[in-house]
Structure formats: C-alpha cells, structure tokens
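Asker:
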Amino acid sequence: MGATNCPETPRQKMIGMMYLVLTAMLALNVSKDILSSFGVVDDALLTSNSNIESEISSNYSNLEKQKAILGEAKVKEASDKAMQLQKYSEDMVKYVEELKIRLLRYVDETEFAEDGKTIKTVADIENKDNFDKPTTFLNPSGDLQTLSDAQGYTAADLKAKIIEFRKNLIAMVDEKKQKDVAELLVSLDLENQKFYNADKEEETWERHNFDHIVMAGTITILDKIVGEILNAQSSMMKVLITSISADDFKFDTIEGRAIPKSQMVFTGTNYEADIIVAAFDSKQTPQVYYKMGVDTLTEDQIGSATELEGENGVVKLSLSAGGLGEQKYAGLIKIKAPDGTTKYYSFRDKYVVMKPSATVAAEKMNVFYAAIPNPISVSAPVPKVSVSIPGCQLKGTGDGKYDVTVPESMVGKTVKVTVNADMGGKSQALGGSEFRVKRVPDPTSYIGGNIYGGKRSKQELMANPFLSARMSDDFAYDLKWKIVSYRVTFVVRGNEDPPIACSGGAFSEAVKSKINSASANTIVQFTDIRAESIAGKRTLRDLMVRIK
Numbered sequence: 002m003g004a005t006n007c008p009e010t011p012r013q014k015m016i017g018m019m020y021l022v023l024t025a026m027l028a029l030n031v032s033k034d035i036l037s038s039f040g041v042v043d044d045a046l047l048t049s050n051s052n053i054e055s056e057i058s059s060n061y062s063n064l065e066k067q068k069a070i071l072g073e074a075k076v077k078e079a080s081d082k083a084m085q086l087q088k089y090s091e092d093m094v095k096y097v098e099e100l101k102i103r104l105l106r107y108v109d110e111t112e113f114a115e116d117g118k119t120i121k122t123v124a125d126i127e128n129k130d131n132f133d134k135p136t137t138f139l140n141p142s143g144d145l146q147t148l149s150d151a152q153g154y155t156a157a158d159l160k161a162k163i164i165e166f167r168k169n170l171i172a173m174v175d176e177k178k179q180k181d182v183a184e185l186l187v188s189l190d191l192e193n194q195k196f197y198n199a200d201k202e203e204e205t206w207e208r209h210n211f212d213h214i215v216m217a218g219t220i221t222i223l224d225k226i227v228g229e230i231l232n233a234q235s236s237m238m239k240v241l242i243t244s245i246s247a248d249d250f251k252f253d254t255i256e257g258r259a260i261p262k263s264q265m266v267f268t269g270t271n272y273e274a275d276i277i278v279a280a281f282d283s284k285q286t287p288q289v290y291y292k293m294g295v296d297t298l299t300e301d302q303i304g305s306a307t308e309l310e311g312e313n314g315v316v317k318l319s320l321s322a323g324g325l326g327e328q329k330y331a332g333l334i335k336i337k338a339p340d341g342t343t344k345y346y347s348f349r350d351k352y353v354v355m356k357p358s359a360t361v362a363a364e365k366m367n368v369f370y371a372a373i374p375n376p377i378s379v380s381a382p383v384p385k386v387s388v389s390i391p392g393c394q395l396k397g398t399g400d401g402k403y404d405v406t407v408p409e410s411m412v413g414k415t416v417k418v419t420v421n422a423d424m425g426g427k428s429q430a431l432g433g434s435e436f437r438v439k440r441v442p443d444p445t446s447y448i449g450g451n452i453y454g455g456k457r458s459k460q461e462l463m464a465n466p467f468l469s470a471r472m473s474d475d476f477a478y479d480l481k482w483k484i485v486s487y488r489v490t491f492v493v494r495g496n497e498d499p500p501i502a503c504s505g506g507a508f509s510e511a512v513k514s515k516i517n518s519a520s521a522n523t524i525v526q527f528t529d530i531r532a533e534s535i536a537g538k539r540t541l542r543d544l545m546v547r548i549k
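Start counting the sequence shown at 2; every next residue gets the next number (this note's numbering).
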C-alpha cells in the first residue's frame with residue numbers, strides 16, 4: 002500500500018509483486034513440490050533485503066563523510082538519531098528472526114538445517130505444507146491456548162512491535178515533517194489499513210496474514226516484514242542525511258550584483274555600493290509578495306499584499322511613481338526549502354519620488370523686505386532637508402514652504418539661505434541663495450478708497466469719510482496698513498483755519514461739520530498722516546482736495 006504523494010521505489014514495487022504471487026499461491030491447495038516454489042519468492046526477498054542492508058551501510062558511511070566535511074557540530078544531531086534508528090531497526094529484525102527460529106522449533110522440531118546451520122530459507126523447511134502448527138503458534142484468531150515458546154512472539158505481539166517501531170521512527174523528526182515521514186512509512190501503518198478475506202469480509206491483520214497459512218508462506222511473509230523494516234530504516238536514513246543541509250539551498254546560477262546605498266549622489270560626496278555575489282536557482286522561481294506603506298509584512302498579511310510573477314528564478318519589482326516624496330514598502334519571499342518545508346524571507350526598502358521640474362531665478366532680484374514674513378519655497382531631490390538663515394526668523398508653513406522675517410537692522414545688507422539634506426543621519430550641504438534686504442516701501446495714502454486729490458464735491462467726500470493706505474500694485478506681498486492719526490486744515494480764500502487733529506482713519510464729527518459748511522474752492526489739507534503695519538510706523542504723503 003503506497004501513499005499517493007509518496008511514489009513507490011522500484012524495490013517496493015518488486016516486493017509488492019512478489020507478495021501478490023505469494024497471496025495467490027496461498028489461496029491454492031498445492032502439493033509439496035509446488036510449495037517449494039515459495040522458496041523462489043523467499044530467495045528473492047532475502048536477496049532484496051541483503052541489497053537494502055548494503056544501501057543502509059552506505060548511508061551510514063555517507064554520514065561519516067558529512068561529519069568530516071561539515072564538522073561534527075552540524076552533523077551531531079543527525080548522527081545521534083541515526084544511531085538510535087539503527088538500534089530500533091536491529092532490535093526489530095532480531096525480534097522477527099527470533100520468532101522464525103521459535104516457529105521452526107515448533108513446526109520442524111529443529112532450527113537447524115542438515116549441515117547444522119540455522120535455517121535461513123524456505124527450501125530448508127521440512128514441513129512446508131503444515132498450516133495447523135503455524136496457526137497454533139502465532140495464534141492469529143486469539144482463541145487458542147498460547148504455547149510457552151510463543152509467549153511474546155504471537156502475531157498480535159508482532160503487530161504491536163511493528164506499530165511501536167513506526168511510531169518511534171516518526172517521532173525522530175520535528176512535528177512539521179512528521180506527516181511526510183508517516184506517508185513514507187505507510188506500508189508499516191497497521192492501525193489504519195483495512196484487510197479483507199476472500200468473501201470480502203473485513204478481518205484483522207493477524208488473521209489476514211497468519212490464519213491457516215502454510216509454513217512456507219508464513220516464513221516468506223515474515224521475511225517480507227523484515228524487508229519492510231529495512232526499507233523503513235533506509236528511507237529514514239535519507240531523511241536524516243537530508244536534514245543536515247536542509248537549510249542549504251541549491252543554486253545553479255551565480256551573478257555579480259551592485260547594491261547602491263543611494264542612487265542619488267551629490268557633488269563633493271561619494272557613490273557607495275555593496276558588491277555581492279548573488280546565487281539563485283533558475284529552476285525554482287519564488288513567490289514574492291509586497292505591500293506599500295508598511296515597514297514589515299507578516300505571513301498572515303499575505304492576503305492583503307500584491308503577488309509578483311517571475312521567471313527563471315528571478316522576480317522583478319516595478320512600482321509606479323505616483324505620490325511625491327518618500328515611499329516605502331515591505332514584502333515576503335516564499336520559497337520551498339530542500340527539506341520540503343516552506344520558508345519565508347522578509348525584505349523592505351524605500352525610495353523618493355520627485356516631480357519633474359526646473360527652477361528659474363532672477364538672481365539680481367533676490368530680495369527680502371525687512372520686518373515682514375517673506376515666503377520662500379525650498380525643493381530638493383531628497384526626502385528630508387533643513388533650511389537655515391543666520392540672524393533671521395524662519396517659520397515652516399508646510400510642503401517645503403517657509404516664511405522668513407529679517408530684522409530692520411539688516412536693511413542694506415545681504416543674507417544667505419542655506420539648504421542641507423539629511424543623508425542617513427549625516428548632514429549634506431545642497432547649496433543656497435543670497436538675498437538683498439530692503440526696507441518695505443511706504444504705502445500710498447487715499448481719501449476713502451481711491452481719492453488722492455483734485456476737485457471733489459462735498460457729497461463725494463462725505464461718501465468716503467475716512468483715510469486709508471495701501472501698497473502699490475507692483476508690491477508682491479499682501480501687507481495691510483492702518484491709519485493711526487492725521488491732521489486736517491481748511492483754507493478759505495488764503496486764510497487757514499486751525500488744524501483739526503484726528504485719531505484713527507475715520508473723519509471726526511468736527512471734520513464732517515466743516516466739510517458740510519465749506520464754500521466752493523475751499524481747500525482741505527490732510528497732513529501728518531501716520532499709518533502702521535507689521536512693517537512698523539510710517540508718515541505718509543499729504544493729501545489735498547479743492548471743494549467744487
């Protein structure tokens with residue numbers, strides 16, 4: 002009986018065929034001469050068993066060679082288990098051989114051939130056709146009185162020994178590999194196999210193999226069991242030897258690769274890369290999964306990750322440069338190890354996405370106005386930068402934008418904006434620009450929103466009863482001014498009335514009254530106009546209008 006995912010070896014197929022022949026012969030009522038043909042089958046089994054023993058011996062020699070090559074420390078665990086395996090197998094074979102000798106004593110009343118040697122083959126058995134004594138001795142039905150010489154050597158005892166032997170072998174490997182080993186030893190699985198008689202009725206393993214079976218067939222079956230024990234030992238030896246280098250992947254392609262620490266290099270710095278030899282198996286392409294925006298990807302998160310396809314052992318990653326700035330990702334490489342288990346190897350990386358752009362600056366017009374926030378924008382092909390301007394106040398407003406406030410004391414001087422990049426904990430100068438510091442120009446004063454002089458009607462003046470101040474249209478900053486105070490003088494036919502002092506920008510009641518009672522050609526002069534803003538306090542130009 003073979004496992005579906007554990008193909009039979011040629012030796013196992015041969016043993017199976019011989020067992021079919023044996024079963025067919027046991028079903029016939031044959032003469033002693035025909036029974037002698039069991040010897041042919043048994044001889045073939047003994048030869049096969051001898052070949053397996055030679056193979057086992059070769060495996061133990063290979064284990065010693067591995068110890069010499071890899072060192073005793075790496076081979077010790079497998080070597081210790083191999084010794085334990087040898088004891089399990091030798092004890093089991095010794096038990097079956099002892100059973101055969103006891104059975105021969107009972108059936109032939111001797112355990113020796115004519116030459117005095119222990120009987121080894123079916124041809125040496127005298128009572129080949131006797132089936133009562135083997136059945137009585139092995140007691141397959143469990144309803145006979147057990148013979149004293151058969152104590153501990155019945156068919157039931159043999160079955161229990163085989164079951165224990167198989168369990169011991171399975172327990173020699175870790176839990177992850179036990180299922181595979183159990184399938185490898187399926188021929189010894191007497192607990193889960195079912196057996197049927199000629200009438201297709203289920204029966205026990207003991208009765209199926211030893212109930213009313215002639216002596217020649219019984220000995221042949223026992224030799225077949227020895228072969229299965231040796232075959233199990235040989236298979237387990239291969240498992241143990243493989244486990245020594247289970248994590249040593251086999252590669253068939255080797256290439257040189259350069260892994261740069263950064264694919265962005267600035268003048269004055271060095272390009273650095275790790276030069277390695279990359280080995281991979283072109284016959285096995287790993288499964289690769291990745292996820293954006295994470296630092297790690299675990300096995301239970303694979304369902305939410307993206308799988309990559311590869312070819313000839315290589316998987317290539319291509320990511321769309323969508324969002325700007327630093328991008329990061331993490332992933333897992335899933336690959337089958339030489340011991341059949343699945344291994345996962347993690348990876349992660351990050352990169353910077355920049356918008357294609359060019360900066361054009363008019364160098365002669367680089368100006369900062371003192372005392373007000375001057376907006377600047379800083380862009381660099383790195384994710385982290387720092388900006389410094391000695392003696393000035395710098396405030397970040399987000400997305401590479403800053404407000405620079407220069408004190409009045411620096412008017413007429415130049416300041417330098419310096420940009421540095423954070424390159425893995427090291428500061429790298431990227432350059433900078435110089436700016437000339439100028440005083441903020443005076444704003445222009447107005448009556449109302451836009452009256453700056455000329456002839457005006459009283460109604461026009463009363464419709465705009467306040468003074469204002471604003472910067473000229475070519476001033477790029479949105480700077481607000483507030484009128485603090487001013488004086489108004491009315492001149493009638495060359496005679497000046499005493500000036501009226503006003504606080505704030507609105508016309509006082511006295512000014513409004515004088516305008517309403519003023520005659521035509523009266524001159525209204527607005528002087529000592531004081532305004533203020535974040536740029537400080539200023540005295541603005543005078544205003545003068547003539548009433549129509």
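Glycine included, every Cβ here is placed at the ideal spot set by N, Cα and C.
Buried or exposed: where does K515 fall if 16 or more other Cβ atoms within 10 Å of its Cβ makes it buried?
Answerer: Walking along the sequence shown from the start, residue 515 turns up at place 514. Flag for K515 reads buried.
Asker: Note down, in chain order, each residue of its chain lying with its Cβ closer than 7 Å to the Cβ of E229, except the 5 sequence neighbours on either side.
Answerer: As a working note, residue 229 is residue 228 in the sequence shown. So the qualifying residues of the chain are S188 and L189.
Asker: Tell me which residues share the same chain as D43 and place their Cβ nearer than 7 Å to its Cβ, disregarding the 5 neighbours each side in the sequence.
Answerer: As a working note, residue 43 is residue 42 in the sequence shown. Only T122, V123, I220, T221 and D224 meet the Cβ criterion.
Asker: Taking A243 as the reference, which of D200, S80, S389 and D404 has the closest Cα?
Answerer: Sequence index remark: in the sequence shown, residue 243 carries index 242 (1-based). According to the sequence as given, residue 243 is Thr; it is not Ala. Checking every option, the nearest Cα to that of T243 belongs to S80.
Asker: Quick check on DSSP: helix, strand or coil for Q67?
Answerer: Position 66 of the sequence shown, counting from 1, holds the residue named residue 67. Helix.
Asker: Taking C-alpha atoms, which residue in E300, V316, Q302 and Y290 lies nearest to D550?
Answerer: The displayed coordinates of the chain run from 2 to 549. Any statement about residue 550 would go beyond what the structure contains.
Asker: Check N313 in the structure and name its three-state DSSP category.
Answerer: Taking the first residue of the sequence shown as position 1, residue 313 is located at position 312. DSSP places N313 in coil when its eight states are reduced to three.
Asker: Roughly how far, in whole angstroms, is the beta-carbon of Y330 from the beta-carbon of K385, given that I think they are within contact range, below 8 Å?
Answerer: One-based indexing of the sequence shown puts residue 330 at position 329. One-based indexing of the sequence shown puts residue 385 at position 384. Their Cβ separation, rounded to whole angstroms, is 19 Å, which puts Y330 and K385 out of contact at 8 Å.
Asker: Would G454 and V546 qualify as a contact pair, given that the criterion is a beta-carbon distance under 8 Å?
Answerer: In the sequence shown, the residue the question calls residue 454 occupies position 453. In the sequence shown, the residue the question calls residue 546 occupies position 545. Yes, these two residues count as a Cβ contact at 8 Å.
Asker: My guess is that T136 and F196 are in contact by the Cβ rule of under 8 Å, so how many angstroms apart are they, rounded?
Answerer: Within the sequence shown, the letter at position 135 stands for residue 136. Within the sequence shown, the letter at position 195 stands for residue 196. About 16 Å; that fails the 8 Å criterion.
Asker: Ordered along the chain, which non-local residues of its own chain (more than five positions away) have a Cβ less than 7 Å from that of R542?
Answerer: Along the sequence shown, one-based indexing puts residue 542 at 541. Correct list, in chain order: S446.
Asker: Could you please give the first and the last residue of the uninterrupted alpha helix (DSSP H) stretch that includes M293?
Answerer: Stepping through the sequence shown from its first residue, residue 293 is reached at position 292. Where M293 is concerned, there is no enclosing alpha helix (DSSP H), although the beta strand (DSSP E) it sits in stretches over Q288 to M293.
Asker: Would you identify the three-state DSSP class for A172, choosing helix, strand or coil?
Answerer: For the purposes of this step, residue 172 is taken as the residue at position 171 of the sequence shown. The answer is coil: DSSP assigns A172 none of H, G, I, E or B.
Asker: Give the range of the alpha helix (DSSP H) segment to which S518 is assigned.
Answerer: Counting from 1 along the sequence shown, the entry for residue 518 is found at position 517. E510 to S518 is the span of the alpha helix (DSSP H), which, as asked, contains S518.
Asker: Compare the Cα-Cα distances from D125 to each of V108, N140 and L139 and report the closest residue.
Answerer: As a working mapping, residue 125 is identified with position 124 in the sequence shown. If we check each option's Cα against that of D125, V108 comes out closest.
Asker: Report the residue from A217, Q526, S428 and S473 whose alpha carbon sits nearest the alpha carbon of L462.
Answerer: As a first step, residue 462 must be located in the sequence shown, where it is residue number 461. With distances taken between Cα atoms, L462 lies closest to Q526.
Asker: With distances taken between CB atoms, is the gap from R531 to Y487 smaller than 8 Å?
Answerer: The sequence position of residue 531 within the sequence shown is 530, counting from 1. The sequence position of residue 487 within the sequence shown is 486, counting from 1. Yes, they are a contact pair.
Asker: Look at the Cβ atom of V227, then the Cβ atom of V182, and state whether they are nearer than 8 Å.
Answerer: Reading the sequence shown from its first residue, position 226 is the one you call residue 227. Reading the sequence shown from its first residue, position 181 is the one you call residue 182. Result no, Cβ atoms of V227 and V182 do not sit closer than 8 Å.
Asker: In the DSSP assignment, what are the bridge partners of N421?
Answerer: In the sequence shown, counting from the first residue as 1, residue 421 sits at position 420. Looking at the DSSP assignment, N421 forms a beta bridge with S387 and A430.
Asker: Could you tell me which of R437, V416, V383 and E98 sits nearest to G426, measuring between CA atoms?
Answerer: The residue you call residue 426 lines up with position 425 of the sequence shown. Answer by Cα proximity: V383.
Asker: Output the boundary residues of the alpha helix (DSSP H) element that contains Q302.
Answerer: In the sequence shown, the residue the question calls residue 302 occupies position 301. Counting along the chain, Q302 falls outside any alpha helix (DSSP H), and DSSP gives it neither H nor E.
Asker: Pairs of beta-carbons, one from the region 458-473 and one from the region 390-397, closer than 8 Å: are there three or more?
Answerer: As far as the Cβ criterion goes, the region 458-473 does not touch the region 390-397, which means the pair count is below three.
Asker: Compare the C-alpha of W206 against each of I303, V215 and N193 and name the closest.
Answerer: Stepping through the sequence shown from its first residue, residue 206 is reached at position 205. Taking only the C-alpha atoms, the option nearest W206 is N193.
Asker: In this structure, does DSSP put L462 in helix, strand or coil?
Answerer: As a first step, residue 462 is located in the sequence shown; it is residue number 461 there, counting from the start. Of the three classes helix, strand and coil, the one that applies to L462 here is helix, per DSSP.
Asker: Sort T299, G332 and K337 by Cα distance to T286 and report the nearest one.
Answerer: Here residue 286 refers to the residue found at position 285 when the sequence shown is read from its first residue. Looking at the Cα atoms, K337 is the closest of the given residues.
Asker: So who's on the other strand from Q526, going by DSSP bridges?
Answerer: Along the sequence shown, read from residue 1 onward, the residue named residue 526 stands at position 525. According to DSSP, Q526 bridges with T490 and M545.
Asker: When DSSP labels each residue in this structure, what does G455 get in the three-state scheme?
Answerer: Taking the sequence shown and counting its residues from 1, one reaches residue 455 at position 454. DSSP places G455 in strand when its eight states are reduced to three.
Asker: Which same chain residues end up closer than 6 Å to S503 when comparing Cβ atoms and leaving out the 5 residues on each side of it in sequence?
Answerer: Along the sequence shown, read from residue 1 onward, the residue named residue 503 stands at position 502. Per the sequence shown, residue 503 should be read as Cys rather than Ser. Closer than 6 Å at the Cβ level, and outside the excluded window around C503, lie Y487 and S509.
Asker: Assuming contact is defined by CB atoms lying nearer than 8 Å, are R437 and T415 in contact in what I supplied?
Answerer: Counting from one through the sequence shown, the residue named residue 437 turns up at place 436. Counting from one through the sequence shown, the residue named residue 415 turns up at place 414. Yes.
Asker: Measuring only the C-alpha atoms, how far is K88 from K351?
Answerer: Along the sequence shown, read from residue 1 onward, the residue named residue 88 stands at position 87. Along the sequence shown, read from residue 1 onward, the residue named residue 351 stands at position 350. Answer to the nearest angstrom: the Cα atoms are 56 Å apart.
Asker: By a C-beta neighbour count over all protein chains shown, 10 Å radius and 16 as the cutoff for buried, is L159 buried or exposed?
Answerer: Sequence index remark: in the sequence shown, residue 159 carries index 158 (1-based). When all chains shown are included, L159 counts as buried.
Asker: So within the region 125-153, which uninterrupted alpha helix (DSSP H) runs reach at least 4 residues, ignoring any that extend past its ends?
Answerer: The qualifying runs are 133-139.
Asker: Name the one or two DSSP bridge partners that C393 has.
Answerer: Translated into positions along the sequence shown, residue 393 becomes position 392. Per DSSP, none; premise fails for C393.
Asker: Can you tell me where the alpha helix (DSSP H) holding G228 begins and where it ends?
Answerer: Taking the first residue of the sequence shown as position 1, residue 228 is located at position 227. Looking at the DSSP string, the run of the alpha helix (DSSP H) that includes G228 is M216 to I245.
Asker: Whole angstroms is fine: what's the gap from V353's alpha carbon to A381's?
Answerer: Sequence index remark: in the sequence shown, residue 353 carries index 352 (1-based). Sequence index remark: in the sequence shown, residue 381 carries index 380 (1-based). So the two alpha carbons sit approximately 11 Å from each other.
Asker: Using C-beta distances below 7 Å, list every residue in its chain close to I524, excluding the 5 sequence neighbours before and after it, in chain order.
Answerer: Stepping through the sequence shown from its first residue, residue 524 is reached at position 523. Around I524: V492, M545 and R547.
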